[in-house]
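Taking full-length UniProt numbering, I'd label the letters of the sequence shown as residues 1 to 431. Reviewing the structure listed below.
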Amino acid sequence: MPEGMSGSGDYVHFKAHVPLHHIPVGSNGFKQWRYYDYGPKSVAPLVCLSGVAGTADVFYKQILNLCLKGYRVIAADAPPVWTHQEWVSSFEKFLDALGVHHVHLYGTSLGGFLAQMFAQYRPRRVKSLLLSNSFVDNHAFQASMSWSALISWTPEFILKRYILTGIRDDPQEPQIADSIDFVVGQLETLSREELASRLTLNTQPATVGQLGLADSSITIMDTNDYCAIPTFLKDQVGARYPGARRALLKSGGDFPFLSRADEVNLHAQLHLRRAGVEGAVQIVPQPVVKAPPPKQRNPSFEEERKGEDKPPTTSSEDLKKKGISGNTLRRLSTDSLFPSSLSGVKETKNEDRSIIISEEPSPLDNLDVKKKGLNAGSSMKRLNSGNLFMSNNGSFHRNVDPLGPLGNDLLVSPRVFMRPNGSASSSAVEP
């Protein structure tokens, strides 16, 4: 199918949300009506009938727009039939199968002609007519087609070529050009029998008789630019229904329901209102959001939580009862920050300083030191003293080795270092 409206977002949305139905009619059930039915079922429907080249899909813009306003729209394609009476009978069976008795008909070109024929033979079922680029007599089409008697025997490609000759192919404005492309794409989906049936109904001599419908229930909506329907045929429609409402579109071509969809939808809505049809008000109930009930609080639980949140406090009287003095408390605080479990340090009280550090034998005995190649003298004292440093208040505390008790095992072996004056020095650690 050609690009354009067929690839537009509206048509994709339409195909995704509006299903295509089939209803068999007749005794054998081989003939089926294809149709779209969308909108509230409580409203009398507007049934759309296309011309020779169109299908039910060409009215997708009317379905999307009018149904949102509460109207019911049915777009239908008839099965192959060969006489006007057969079409009227088949359409009546189609409505019976849907359970629809009263209808409002919107027909364009051949669809408008068949809508008038149905209103003539079934006057009680038609409440109003909306005609667009239609006619009341088709003798002119028979005269222009000399081989009309051979339509049923004509190959499909010749039938399509004949239909396309009636569609203007010169440059058009974008909306009209898109509408032509869309209808041509729909024409490609029709079978040879469907094409032959439509051309037969379009050329079979017939004239619409007197309708039992008042002119006030008819709206004539024609385009004022080029159209495949000759102007004199459209004028005959206006002369037949002088009291009908006229809606003239300045432009739109053969398919204003696509190229001028907004105007067509507006006139269709006004037509239905004049016929006494109002869109159903669809009230969607909003869900009632109830506030959650307040949680029941347990007073005892709240008091328990408050008790847990309080930080533990220790008064000076409690410390005195436990025999803890100020110096001891400071020592305990120092131990918590710098644990003495990893060091060979002895801590004693003094009046001048809070902690005095004295050396004790290292956890490494002389044998282990000798195995590591270290002197037990000044090198070892130097290592031990390197683990301690003095604080600002004059007290010593341990610089804990992050490697733990095994940190002494990672000592480097004696190496030779060059002093700034050029002399060599050997030491177990770097100066």
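We put the beta carbon where it would ideally sit given N, CA and C, even for glycine. All of these numbers come straight from a predicted model, not from anything done at the bench.
Check whether residue i and residue j have beta carbons under 8 Å apart
{"i": "Leu-213", "j": "Pro-80", "result": "no"}
{"i": "Leu-110", "j": "Arg-192", "result": "no"}
{"i": "Trp-33", "j": "Ala-78", "result": "yes"}
{"i": "Asp-225", "j": "Tyr-241", "result": "no"}
{"i": "Ala-56", "j": "Tyr-35", "result": "yes"}
{"i": "Gly-238", "j": "Ile-220", "result": "yes"}
{"i": "Lys-61", "j": "Ala-261", "result": "yes"}
{"i": "Ile-163", "j": "Leu-187", "result": "yes"}
{"i": "Gln-236", "j": "Asp-137", "result": "yes"}
{"i": "Phe-14", "j": "Ile-63", "result": "yes"}
{"i": "Thr-154", "j": "Trp-82", "result": "no"}
{"i": "Ala-247", "j": "His-267", "result": "yes"}
{"i": "Ala-228", "j": "Ile-167", "result": "yes"}
{"i": "Ser-128", "j": "Ala-275", "result": "yes"}
Nearest to residue i (by Cα), restricted to the options the options
{"i": "Val-208", "options": "Leu-195, Phe-118, Thr-189, Glu-173", "result": "Phe-118"}
{"i": "Val-126", "options": "Gln-32, Phe-182, Leu-272, His-267", "result": "Leu-272"}
{"i": "Leu-131", "options": "Phe-257, Glu-278, Gly-276", "result": "Phe-257"}
{"i": "Met-145", "options": "Leu-129, Glu-156, Thr-165", "result": "Thr-165"}
{"i": "Asn-133", "options": "Lys-31, Asn-28, Leu-233", "result": "Leu-233"}
{"i": "residue 456", "options": "Gly-99, Phe-255, Asp-169, Phe-30", "result": "Outside the shown range of the chain, which is 1 to 431, sits residue 456, and nothing can be said about it."}
{"i": "His-139", "options": "Gln-204, Gly-51, Trp-153", "result": "Gln-204"}
{"i": "Val-88", "options": "His-21, Glu-173, Phe-113, Tyr-60", "result": "Phe-113"}
{"i": "Ala-44", "options": "Gly-243, His-102, Gln-85, Val-264", "result": "His-102"}
{"i": "Lys-160", "options": "Leu-190, Phe-135, Ala-143", "result": "Leu-190"}
{"i": "Val-100", "options": "Thr-200, Ser-90, Lys-41", "result": "Lys-41"}
{"i": "Ser-90", "options": "Asn-265, Lys-31, Pro-171, Ala-143", "result": "Lys-31"}
{"i": "Glu-92", "options": "Asn-28, Gly-185, Glu-156, Ile-23", "result": "Ile-23"}
{"i": "His-84", "options": "Val-264, Ala-206, Val-277, Glu-263", "result": "Ala-206"}
{"i": "Val-264", "options": "Leu-249, Val-277, Ser-148", "result": "Leu-249"}
{"i": "Tyr-11", "options": "Ser-148, Glu-86, Asp-178", "result": "Asp-178"}
{"i": "Glu-278", "options": "His-21, Ser-50, Trp-147, Cys-67", "result": "Cys-67"}
{"i": "Gly-51", "options": "Leu-20, Glu-173, His-21, Phe-135", "result": "Phe-135"}
N-terminal and C-terminal residue of the alpha helix (DSSP H) that residue i is part of
{"i": "Ile-180", "result": "174 to 187"}
{"i": "Lys-93", "result": "84 to 98"}
{"i": "Leu-131", "result": "No alpha helix (DSSP H) contains Leu-131, which is instead part of the beta strand (DSSP E) from 126 to 132."}
{"i": "Val-81", "result": "Neither: Val-81 is in no alpha helix (DSSP H) and is coded neither H nor E."}
{"i": "Val-264", "result": "261 to 274"}
{"i": "Ile-158", "result": "156 to 165"}
{"i": "His-17", "result": "9 to 17"}
{"i": "Ser-144", "result": "139 to 144"}
{"i": "Glu-278", "result": "Where Glu-278 is concerned, there is no enclosing alpha helix (DSSP H), given that its DSSP letter is neither H nor E."}
{"i": "Ala-196", "result": "192 to 203"}
Start-to-end residues for the beta strand (DSSP E) that takes in residue i
{"i": "Gly-111", "result": "Not the beta strand (DSSP E): Gly-111 falls in the alpha helix (DSSP H), residues 110 to 121."}
{"i": "Ile-63", "result": "Careful: Ile-63 lies outside any beta strand (DSSP E), inside the alpha helix (DSSP H) at 60 to 68."}
{"i": "Tyr-35", "result": "31 to 38"}
{"i": "Pro-24", "result": "21 to 25"}
{"i": "Ala-76", "result": "73 to 77"}
{"i": "Val-47", "result": "46 to 49"}
Supposed contact pair residue j and residue i - C-beta distance, whole angstroms, cut 8 Å
{"i": "Ala-97", "j": "Gly-107", "result": "That pair is no contact at about 20 Å."}
{"i": "Asn-202", "j": "Phe-141", "result": "5 Å"}
{"i": "Tyr-71", "j": "Leu-46", "result": "6 Å"}
{"i": "Leu-211", "j": "Gln-120", "result": "6 Å"}
{"i": "Gly-252", "j": "Thr-231", "result": "Not a contact, Cβ separation roughly 15 Å."}
{"i": "Val-25", "j": "Cys-48", "result": "Not really, about 18 Å apart at Cβ, beyond 8 Å."}
{"i": "Tyr-38", "j": "Val-18", "result": "5 Å"}
{"i": "Ser-259", "j": "Ile-176", "result": "5 Å"}
Note down, one range per segment and in chain order, each alpha helix (DSSP H) of at least 4 residues found wholly within the region 216 to 246. 231 to 240
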